[in-house]
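Residue numbers (my numbering): 1131 to 1376. The beta carbon of each residue, even a glycine, is placed where N, CA and C say it ideally should be. The block underneath contains the structure these notes are about, expressed in structure tokens.
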Amino acid sequence: MAEMSFGPRVFRQPVAPRNPDPEPDSFLGLGQHLAFLQGCVASRPLSGTPANMPIVVDFSDRPSKMLAATLPDYGPASLLKVSLVDLPKLPLGKLRPTEVVVEVHSASVNPTDWKQRKGTLSQLCALSLPAVLGIDFSGKVVRAGEEAPLAEGDEVFGRQTLDRMRELNGTYAEYVIVDSSDVYKKPPNLSFEEAAAVPHASLAAYAALGHVGKLIQKRHKTDKCVLILGGSGGGGAFPPEGKHVA
1131 MAEMSFGPRV FRQPVAPRNP DPEPDSFLGL GQHLAFLQGC VASRPLSGTP ANMPIVVDFS
1191 DRPSKMLAAT LPDYGPASLL KVSLVDLPKL PLGKLRPTEV VVEVHSASVN PTDWKQRKGT
1251 LSQLCALSLP AVLGIDFSGK VVRAGEEAPL AEGDEVFGRQ TLDRMRELNG TYAEYVIVDS
1311 SDVYKKPPNL SFEEAAAVPH ASLAAYAALG HVGKLIQKRH KTDKCVLILG GSGGGGAFPP
1371 EGKHVA
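In structure tokens, the structure reads:
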């Protein structure tokens, strides 16, 4: 149930190349989409520096890195820091047929995220620290597997599953590898920030109405009444919309 979303506000600028081109079949084969041979300016660091003080990173000597909000240990939000981390490792050395690589424009904050950060879910879903959190995202596809129904340049939004977040990384990063079944084309009338706040909250609302309340029927309408508590929150805002679709 996303309560807020934030854009990365990351801007890239060329720097003098000092390394050869990466192997075309590697993750770095994304070429100009990655931080390879580029500098990066983030105008809104998460913590530790004033909002108007840019972070400038020269990736020339670190072609396999990206920026991410990392969590070194369980605790308060102040522990999150923008730092350089390794690009997601491809388990099979290449993208699976249904996977896509997304350049993240916005990510949202859900109760699942802060519960993981605080360690509340450590017995259910332990993190390998330091970790990159994040479930929801929006952005642009920069690479797609041959069976994925998406193409390079598509503006999308979606979610990263908890298992894949621990295997690869969460969405609080410049790039994320997700299965295309969890990614959808972004409606043109939604901004990246708005789209990033949709996936987890809407799925929670759908599960509450359909699987728990049995209120979403495929073949006929229901006449049940529903009391929605916390209707101004992320999950509570979606059921009123869902009832028009049911």
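Between E1297 and P1227 the beta-carbon gap is near 17 Å, outside 8 Å, which marks them as no contact.
One alpha carbon belongs to P1318, the other to L1225, and they sit about 28 Å apart.
For E1229, no alpha helix (DSSP H) segment is defined; the enclosing uninterrupted segment is the beta strand (DSSP E) at E1229 to V1239.
By the Cβ rule, the region 1194-1208 does not count as touching the region 1288-1295, because fewer than three pairs are nearer than 8 Å.
In terms of Cβ geometry, Q1290 and F1267 form a close pair [threshold 8 Å]. Assignment of R1289 by DSSP, reduced to helix, strand and coil, places it in the strand class. The DSSP-derived three-state label of L1214 is strand. Short of 7 Å from the beta carbon of Y1314, and not among the five residues preceding or following it, lie these beta carbons of its own chain, in chain order: V1286, F1287 and G1288.
Within its own chain, the residues whose Cβ lies closer than 6 Å to the Cβ of G1264, once the five positions on either side in sequence are excluded, are A1237, G1300, T1301 and Y1302, listed in chain order.
Per DSSP, reduced to three states, the secondary structure at T1242 is helical. Between the alpha carbons of V1231 and P1241 lies a gap of roughly 25 Å.
Within the same chain, L1201, P1202, D1203 and Y1204 come within 8 Å of L1259 by CB-CB distance, once the 5 residues on both sides are set aside. In the DSSP assignment, A1274 falls within the unbroken beta strand (DSSP E) covering D1266 to A1274. Relative to the Cα of H1235, the nearest Cα in the group A1198, V1215, A1331 and A1261 belongs to A1198. The Cβ atoms of K1270 and E1233 lie closer than 8 Å to each other.
Beta-bridge pairing by DSSP links M1295 to no other residue. Per DSSP, A1325 lies in no beta strand (DSSP E); the unbroken alpha helix (DSSP H) holding it starts and ends at F1322 to A1326.
Per DSSP, the unbroken beta strand (DSSP E) holding L1201 starts and ends at K1195 to L1201.
Secondary-structure assignment with DSSP links D1309 through a beta bridge to E1229. Closest in alpha carbon position to K1316, among M1196, A1325 and H1330, is A1325.
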